[in-house]
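Protein chains: 2
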Amino acid sequence: MITGKNYIGNQLSAKGSKTFKTFNPLLNIENPWGITEASNDEVNQAVELASEAFKTYSKISGVKKATFLREIANEIEALGDELLQVYSSESGLPNGRAIGERGRTLGQLRAFANHIEAGNWVDASIDTALPDRQPLPKVDLRKMNVALGPVVVFGASNFPLAFSTAGGDTAAALAAGCPVIVKSHPMHAGTGEMVASAVIKAAEKTGMPNGVFSNLNSSGIEVGQALVQHSKVKAVGFTGSIKGGRALYNLAAKRDEPIPVFAEMGSINPVVLLPKALKNRAETIAQTYAGSITLGSGQFCTNPGLIIGIKSEGLTNFVNTLAKEIVKIEPSCMLHPNIAGAYETNKTKALSQKGLKVLAGYENEVEPNFARQVATTVEGETFLNNPTLHHEVFGPFSLVVQCENEAQLEAVISNLEGQLTGTIISDNNEITEHSNSISALQNRVGRIIFNGVPTGVEVCPSMQHGGPYPASTDSRFTAVGVDSIKRWVRPFSYQDWPNELLPDELKNENPLEILRIVNGKLTNQQI
Amino acid sequence: MITGKNYIGNQLSAKGSKTFKTFNPLLNIENPWGITEASNDEVNQAVELASEAFKTYSKISGVKKATFLREIANEIEALGDELLQVYSSESGLPNGRAIGERGRTLGQLRAFANHIEAGNWVDASIDTALPDRQPLPKVDLRKMNVALGPVVVFGASNFPLAFSTAGGDTAAALAAGCPVIVKSHPMHAGTGEMVASAVIKAAEKTGMPNGVFSNLNSSGIEVGQALVQHSKVKAVGFTGSIKGGRALYNLAAKRDEPIPVFAEMGSINPVVLLPKALKNRAETIAQTYAGSITLGSGQFCTNPGLIIGIKSEGLTNFVNTLAKEIVKIEPSCMLHPNIAGAYETNKTKALSQKGLKVLAGYENEVEPNFARQVATTVEGETFLNNPTLHHEVFGPFSLVVQCENEAQLEAVISNLEGQLTGTIISDNNEITEHSNSISALQNRVGRIIFNGVPTGVEVCPSMQHGGPYPASTDSRFTAVGVDSIKRWVRPFSYQDWPNELLPDELKNENPLEILRIVNGKLTNQQI
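Residue numbers (the numbering used here), protein chains in the order written: chain Y, 1 to 527; chain C, 528 to 1054.
In structure tokens, the structure reads:
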């Protein structure tokens, strides 16, 4: 049952006077449940509870935190089909996607549980004392990662489960030892409450301190602003638009004590089509990309919004096939009327740019909130001179840039902003002939793909999801995979600390049997 | 010979019209050599060269970069006694300190050379493909750290060698693969030029690209501002005042593309004296601290500016002994008349605060630019209510806060800003009785010390030098030790990339024989 209330720690709470409803874009009607926005008092209560919980939660063992994370996964599973139904009602996404995303969410929680149970992630480093060293004795120093403090996680519109309430950011922060306050995404606040209830049940069952998790509702920006500005909040995770992410980053940078903001924002995920690949298989590539551009109504952050090639017969074949294929695909529902509306606005703006030509667009009537895909093209020179064309159109929109030559290809790549991904479509030996262009692309992305599509983000340790600004506010961290735990910690050194009072990770006996760098050598042995 | 010119890459250059001189605080006269400030053109040239150099330098092997770093160390040694003389002329620091700091600088360069030669620092992680996985095949993903781009390093006033031209920040950035533009500290620009000449010689000898290093002079803030705002600069390292560090942080945060600023700033390095330790050995502790407070005229960033205890006979003994001991120490010369002047100003401001009492201060006449040490004391309640008392007085100044009880001790600690270090003076078993106070201290510092002094920063992998704001702008990184290389890199993933085109660190054959996480297991084996 959805109460529409906030979770202030373990307590359901609805002290605010503002309410709102979520929307079913497929049925084009409001969902029946009402949601109450968090009041200022509730914001402060949640942060104070989190700050108090941090004192104990930051010191709980990895094994015990792992139990908590696994129990969250179990409780989410126990929500059963009702969660999937609410998810679809609030996103328009189909049941299959709901099942897949739930699986990913559970997988993330369990991967973090395994990660912190193994314990090596604390990067323990020990340099033992040399009391007889000349001219000065060497002290004993032992270093490991410790949690930053309470963190705020903003739910993402496009991943109601995997990047929202108990999604990647939350799982990583809880694994690190940071209490989490979720600013629930207003488009799927009901889904958010259900997942929050699972987190709270898990916290209670496994004996976690009250305040380790809170879930706050709001349809506007005030609750998020208050959270980011609160002096006891120590870091922020966000997935969404450049405008939203940059606003939070600016707020955090202006605080008396600036805090890190990990915002994963817009990306057009450039795809570079090399000449021989185009010559040999332009049609196949175009078919694949027609699918990638329209996947999930183009609402993935890795959607390929920009395709770049050098003019040739092959490139002409590619654009012709793309035009033919992309209109064959049935449009699908976007997440919300606001998102569908923004897509229309941004698409219209792009289409009105001088020199931009439509290759093909779906033109039949569609249901409300459905996105009609469009593929467009432009000359390299025109693209270079118009920054508007470099911006993301969130939805099933793609632009093919046709360059005169290799030099222009390199110039186009070099003038791109930071991106989550870059893709090279290449025949096997061709890539070495374009090393300057490929180097330029590498400097602008977090992940580079050979002969594939950027959509489909594998959740594994070697994934880097995050790129130079504005793809992310901090390219030094990933938002996907167990290494995302590194966003929520800082290194901490103990000098000459008594062995029995050190955390287990740093004790001589190495009771957790973790890998540590001891006097320069990696080992899991005792000292 | 000091030319007073800038190094724009490998070229000496002096196009600017402004000049200044450095100052010998011990002799209280200007040094003879004139220094020419960098012009806007020179700033731009240096950044453009660095950006161009990045294309090749970022791809040079660890072994080759190590040769470069070792050659820098050799060339600095080859500067011989003249460097030590110029160092002392520009800082007032004695020859012994010059020799020690040079040793530390060479040690840092060689430690980074060893670190990148070993190669494990890239954190290589490989997840191989599973083409038959259901429902979707798994791609091959391989991740490693790559250099951020050209970085700017600001020389520190208090470490003309170890945290300036070829100091820790520069060594770490060059090791990471980032070209470095140094904004030379105006107080020791001659020392800076000599060290820069050594870096340039080393770059030429080892075949590094022109622009891998530049050294720019300026006595004001314009050159630094221009560098931090330049779109091709990708990160900044700074050691100095909170005011200066925060100004750079703010500039960087306002850029179209915000960049990380690693500023290591002020700290009062609180020392907590526990009751039993005070009861048993107040006099010895006071003697030790009289020395630590006045070490190097109190110009170390880890100088103990704040000592906290609970009122008792032991604490009275401590303050009485501290008063007696601190005036026995001969004052020494500060780095510059401006620093000596600021010390007098800040000391006078602190002494004028209501409730602050002088325990003892050196009162005899001293030479110009010498700092007269002072120890002061205040009630816990007064300290809690006056934030001015929480601020650093850079120099040989310390404040003893006398608390009524444990609760007030915890409150005093909890109200401190972020610090580089915290120290606990404790008898062996006593520490467990004060766990709340100690936890509060841990949350505010980067390094915690048991029964020692915060001065004396061991350069080793387990050192964390950096703490919560305002000790540092980014507590997630250290400024000392080989892990400081992590400030200048970002993770980068290759997806399905052809093995022969991968960097050596990620090739199946593991030609560098580095440790890698392959499908979840740490190994140095081939795939």
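For each residue, glycine too, the CB sits at the ideal point set by N, CA and C.
Keep in mind it's a predicted model, so treat the numbers as computed, not measured.
Check	Outcome
Which of the residues in the region 1003–1025 of chain C, read from start to end, lie with their CB under 9 Å from any CB of chain Y?	R1003, F1004, T1005, G1008, D1010, K1013, R1014, V1016, R1017, P1018, F1019, S1020, Y1021, Q1022, D1023, W1024 and P1025
By how many angstroms is the C-alpha of R444/Y removed from the C-alpha of E579/C?	15 Å
Is K232/Y helix, strand or coil when you go by DSSP?	coil
With a threshold of 16 other CB atoms inside 10 Å of the CB of V927/C, please say whether the residue is buried or exposed.	buried
Contact defined as beta carbons within less than 8 Å: I believe K43/Y pairs with L227/Y. What is the distance between those atoms, to the nearest angstrom?	The identity of residue 43/Y in the sequence shown is Val, whereas the question assumes Lys. With 8 Å as the limit, V43/Y and L227/Y qualify as a contact, their Cβ atoms being about 6 Å apart.
Note down, one range per segment and in chain order, each beta strand (DSSP E) of at least 3 residues found wholly within the region 984–1033 of chain C.	1016–1022
In terms of alpha-carbon separation, which member of E604/C, G983/C, S585/C and C987/C lies closest to F639/C?	C987/C
Any beta carbon from chain C within less than 8 Å of K232/Y's own beta carbon?	no
Out of E90/Y, W488/Y, D41/Y and A14/Y, which has the shortest C-alpha to C-alpha gap to N31/Y?	E90/Y
Report the residue ranges of all alpha helix (DSSP H) runs contained in full by the region 324–355 of chain Y; include only those spanning at least 4 residues, in chain order.	337–351
Does the region 26–41 of chain Y touch the region 219–234 of chain Y, meaning 3 or more C-beta pairs lie closer than 8 Å?	yes
Counting only Cβ pairs nearer than 8 Å, list the residues of chain Y close to P797/C.	What P797/C touches in chain Y: nothing, since even the nearest Cβ is about 14 Å away.
Let's see if you can read the secondary structure: which residues bound the beta strand (DSSP E) around R538/C?	Contrary to the premise, residue 538/C reads as Gln rather than Arg in this sequence. Where Q538/C is concerned, the enclosing beta strand (DSSP E) stretches over Q538 to S540.
Does the region 183–192 of chain Y come into contact with the region 64–72 of chain Y, if we say contact requires no fewer than three beta-carbon pairs (one atom in each stretch) closer than 8 Å?	no
Is the beta carbon of V574/C less than 8 Å from the beta carbon of I727/C?	no
Tell me M144/Y's beta-bridge partners as DSSP assigns them.	F492/Y
Tell me whether P559/C sits in a helix, a strand or coil according to DSSP, three-state version.	strand
At 4 residues or longer, what runs of the alpha helix (DSSP H) sit wholly inside the region 202–270 of chain Y?	222–229 and 242–254
Check whether chain Y comes within 8 Å of V707/C, counting only Cβ atoms and requiring the distance to be less than that.	no
Among the residues of its own chain, which have a CB less than 8 Å from the CB of Q1053/C, if the five just before and after it don't count?	N1035, E1036 and N1037
Could you tell me whether the Cβ of S588/C comes closer than 8 Å to any Cβ of chain Y?	no
Pick helix, strand or coil for G298/Y, following the three-state DSSP scheme.	helix
I'd like the span of the beta strand (DSSP E) that includes K55/Y, first residue to last.	Taken as a continuous stretch (DSSP letters only), K55/Y belongs to no beta strand (DSSP E), being part of the alpha helix (DSSP H) at N40 to Y57.
Need the endpoints of the alpha helix (DSSP H) that G80/Y sits in, please.	G80 to S91
At a Cβ threshold of 8 Å, is G868/C touching chain A?	Absent from the structure: chain A. Protein chains present are Y and C.
With a threshold of 8 Å, are at least 3 pairs of Cβ atoms found where one atom belongs to the region 144–155 of chain Y and the other to the region 224–240 of chain Y?	yes
Rounded to a whole number of angstroms, what is the C-alpha to C-alpha distance between A700/C and R1017/C?	12 Å
Anything in chain Y within Cβ reach of E937/C, meaning under 7 Å, just list it in chain order.	Residues of chain Y passing the Cβ test: none, with the nearest at roughly 12 Å.
CA-CA distance, E1040/C and I643/C?	13 Å
Taking 8 Å as the threshold (beta carbon to beta carbon), is T1000/C in contact with chain Y?	yes
For chain C, find out if any of its Cβ atoms is closer than 8 Å to the Cβ of Q299/Y; answer yes or no.	no
Between L778/C and H961/C, which are expected to be in contact by the criterion C-beta below 8 Å, what is the C-beta distance as a whole number of angstroms?	The pair is not a contact, with the Cβ atoms about 42 Å apart (cut-off 8 Å).
With a cut-off of 8 Å on the beta carbons, I'd call I72/Y and A202/Y a contact; round off their distance for me.	4 Å
According to DSSP, is Y7/Y helix, strand or coil?	strand
Use the C-beta contact count for A605/C: other C-beta atoms within 10 angstroms, 16 or more gives buried, fewer gives exposed.	exposed
Leaving out five residues on either side along the sequence, give the residues of the same chain with a beta carbon under 8 Å from the beta carbon of M334/Y.	P25, G92, S297, Q299, A340, Y343, N369, F370, A371 and G395
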